[in-house]
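Residue numbering for the sequence shown follows UniProt numbering, beginning at 1 and increasing consecutively.
C-beta: ideal position from N, C-alpha, C; glycine also.
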Amino acid sequence: MRRRTPLPSLRSRQHSDSVIIYSAERNRPAEAPGGHRPHIKRRKSPVIAREASEARISPAMTKQLNVEEGEREGRQRRWKEMCEKRARILMVKREKAKKSDTHRKELELRKGGK
């Protein structure tokens, strides 16, 4: 099935540090002069996508986005660590229960043997 609209190669023709240049073929920013561009997903609405591609993101805003991403990754890591810790505790409890159970059986056998 063919696409109805022709794809423009670049959404934005401006080349400045603070402009995200969107490549229409891929849903991620094209490499722009000025180093690393933050990854911002394109919205479904073409109007919002155009606004996002033309928006100038200040260094402060970029920093804020990076901070939020870092916090999210930190939360995910802590959650994972907590789950692993719980799993370890449960494993230890199971082992202890198994040991006490076998110990009790041994005692009963000894008593029965006398």
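- The three-state reading of DSSP puts S100 in helix, counting H, G and I together.
- Residue ranges of uninterrupted beta strand (DSSP E) with 3 or more members are absent from the region 69-101; none lies entirely inside it.
- Within the model, the alpha-carbon separation for D101 versus R110 is close to 14 Å.
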